[in-house]
DNA sequence: CTTGACCGGGG
DNA sequence: GTGTACGGTCAAG
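In our numbering, the protein residues as written are 1 to 803.
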């Protein structure tokens, strides 16, 4: 029988000591598992010069036992493969089971006749996706017969699987959930899905809302959670930080009550180790934890420096919820007060996660299908893995041998010896500027790599007749231009496809599905192509090439400097420049921009292009404590009055709300040319602080405890505050975020720190000196104000220098 | 200046 | 699981 469906997950099982690949496929009607029993594990062994025959004979005769495992190579194919610059004959050695691969490698690694062993550490399921060129969660075609099973899921004995259109991607059907936990017990669990929202509660009382369901006790709550997870119709199960929190709590509570943690319908939730963390794998569903993806990928496009659900949702989808204080959640539950509010808070959390997922999951899916990884892996990826997975997939197609991962020793070595000059920064002269045009290079590094053929396989190529020599410091690197390199060829395709899609998008209505799909695809292309440069200099990369990375930044510096020179020649004032962007100012900036853009672009090679990113009415630039122009710290005022603030403290959570509010206000007033007003705002806040007029709410500072307070060697305010609270009977454990106030009792800051709950006064001096002054000084010293003036101690002087 | 500890998200 | 993967900041050395 033949059918089509979206391949959304893959893993292997061992049956009768043979590996079986299981493909999870969602067809229009149901989810099926297609089972492939024919895929064989292998690795490559490269013989030394002239030793091929000897080696092959020895390998064929090899038989050994390890921990009861009888291991032998049961067949060897000879292949030709490209190894960076040379073509080599390699032996493709097949074994019976994936776990034999590392054992075989260990056994033969010191053999005289072997020059190198390759591709021995590519997980079996990934190998399958790569070799079959499958791109989850896009559409595949499968052929096979149904197998009789007693389970709920239909199984197919796979005869053939083929990738269809990789742009035909699974439509996610999302269930979001969220736990409320008090004293390490689950007291509420909320669910949100289209047409289904529910809050399970263990405490019995009259609840106003119909979504509340009373379940009596924690054990019944867990049973009901299990029931909902199993029986609701959905493909994606999601939440925020569910790997590190919700799923772990659930596992512990299921354990405690002696219930099997089975929620996928036919298998236990598995915790897969990924570096120092674990990821919860639910077979039959796609468990997407939004947080790791937000923190590695989405965060780059965000202004917010904190990545809590609320701030992220606010920026990504423009929505947030009224946050409930942690202490209030606890209080509400302990006193059984306001439980309706607590339930609605719980529902809002999963609703928000759901809305965020509606936006982010399609991005993850699109990236998955481009890279060829499962969505499960993609949402937990690092940039290094993203690039490397793609490279391995492309290497297989181009018959290139995958380089081995560096050893720990090599990684250390690369880290210490591999530092090199980065991007060029044109430091801003502090102050206010009018009429600003912001130009930047479209995909600067990718286009440099393509236009100059920067690639590990083009580097120092012997006998090359057309070399590009790049001087970096004392070194000269040469890149052969005769043949397109591995990286440039890939990047050219990625960048060109993205340009084409963006063109296509202009013809489409923004609300159409086609537009959204295209948007996500071009976004995935952008994420991937922008990651290549970093990958070349990433110490754990298989295709590490410090020389290529160095050459890329060198060329980048040259291009941005050339841009700055040309701008100056044309009489434009250069305000600030960083890596790939320049801020230019001129009275008649509107007229000059077009001419400038045309001139620059006529001189740029190949795919390279400088683009006008935006025009601003006014901009504010500041400098660092050392008196140099501050990088990446500026505030811009758009023509429509909107503010764009970059790099200032006001977004960070380790500052008190009053400090953040004050800084934002000051920046706003400064940009409106009301410097004196800004100064007065600071003075007013300081006065209020002195009088004790600022509510404690605005003075809280948040920090998380990562271990038990008594285990800290250093005296930090949040630790000391926690210790004092514990003495008073408060329960605070590792992982808790404490909010504290610096009070006026005690000598050192640590002595003065008290959990908000136990604080009834504040140390005005501290908040003025350590919070308000530093954040406002950062802005106002540019206009000649000194610290003592801000404190109201000195006279004003030189105020109009910049106004 | 280098090294090592700490921290993120969640309740 | 063809295992054992972050990156930035800040105080201490």
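We put the beta carbon where it would ideally sit given N, CA and C, even for glycine.
Is the beta carbon of residue i sitting closer than 8 Å to the one on residue j?
i: residue 755; j: residue 766; result: no
i: residue 313; j: residue 238; result: no
i: residue 435; j: residue 589; result: yes
i: residue 263; j: residue 226; result: yes
i: residue 164; j: residue 187; result: no
i: residue 293; j: residue 137; result: no
i: residue 563; j: residue 533; result: no
i: residue 271; j: residue 222; result: no
i: residue 433; j: residue 585; result: yes
i: residue 811; j: residue 763; result: What the structure shows of the chain is the stretch from 1 to 803, and residue 811 is not part of that stretch, so it cannot be assessed.
i: residue 340; j: residue 535; result: no
i: residue 44; j: residue 401; result: yes
i: residue 375; j: residue 298; result: no
i: residue 882; j: residue 622; result: Residue 882 is absent from the model: the chain starts at 1 and stops at 803.
i: residue 530; j: residue 484; result: no
i: residue 142; j: residue 153; result: no
i: residue 441; j: residue 608; result: yes
Closest to residue i by C-alpha separation, out of the options, would be which residue?
i: residue 47; options: 35, 96, 104 and 114; result: 114
i: residue 171; options: 760, 575, 516 and 679; result: 516
i: residue 178; options: 216, 738, 192 and 185; result: 192
i: residue 476; options: 511, 550 and 41; result: 550
i: residue 385; options: 540, 633 and 257; result: 540
i: residue 659; options: 768, 393 and 29; result: 768
i: residue 257; options: 273, 353 and 220; result: 220
i: residue 467; options: 458, 474 and 473; result: 458
i: residue 195; options: 174, 776 and 508; result: 174
i: residue 779; options: 673, 695, 759 and 317; result: 673
i: residue 344; options: 201, 301, 694 and 427; result: 201
i: residue 648; options: 248, 774 and 424; result: 774
i: residue 447; options: 760, 699, 753 and 496; result: 496
i: residue 574; options: 32, 547 and 428; result: 428
i: residue 328; options: 791, 757, 65 and 576; result: 757
i: residue 488; options: 455, 37, 100 and 335; result: 455
With 16 other CB atoms within 10 Å as the buried threshold, where does residue i fall?
i: residue 373; result: buried
i: residue 16; result: exposed
i: residue 518; result: buried
i: residue 669; result: buried
i: residue 326; result: exposed
i: residue 565; result: exposed
i: residue 176; result: buried
i: residue 800; result: The predicted position of residue 800 is uncertain, since its pLDDT is 40 and thus under 50; no value can be drawn from it.
i: residue 14; result: exposed
i: residue 74; result: exposed
i: residue 741; result: buried
i: residue 785; result: buried
i: residue 514; result: exposed
i: residue 796; result: Only weak support is given to the placement of residue 796: the predicted model assigns it a pLDDT of 48, under 50, and the question is left unresolved by the model.
Can you name the residues that DSSP bridges to residue i?
i: residue 480; result: 467
i: residue 812; result: Only positions 1 to 803 of the chain appear in the structure, and residue 812 is not among them; the question remains open.
i: residue 426; result: 577
i: residue 10; result: 23
i: residue 339; result: According to DSSP, residue 339 bridges with nothing at all.
i: residue 584; result: 437 and 574
i: residue 391; result: The partner list for residue 391 (beta bridge, DSSP) is empty, contrary to what the question assumes.
i: residue 182; result: 185
i: residue 239; result: 289
i: residue 144; result: 158
i: residue 298; result: In the DSSP output, where bridge partners are listed per residue, residue 298 has none listed.
i: residue 31; result: 26
i: residue 270; result: 281
i: residue 566; result: Partner(s): none; residue 566 has no beta bridge.
Can you round the beta-carbon distance between residue i and residue j to whole angstroms, since I take them to be within the 8 Å contact cut?
i: residue 522; j: residue 490; result: With a Cβ gap of about 16 Å, residue 522 and residue 490 do not count as contacting.
i: residue 393; j: residue 130; result: 5 Å
i: residue 144; j: residue 162; result: Residue 144 to residue 162, Cβ: 12 Å. No contact.
i: residue 619; j: residue 596; result: Not really, about 18 Å apart at Cβ, beyond 8 Å.
i: residue 353; j: residue 245; result: Not quite, the Cβ-Cβ distance comes to about 12 Å (not below 8 Å), so this is no contact.
i: residue 464; j: residue 482; result: 6 Å
i: residue 579; j: residue 678; result: Actually they are not in contact, since the Cβ atoms of residue 579 and residue 678 sit about 30 Å apart, beyond 8 Å.
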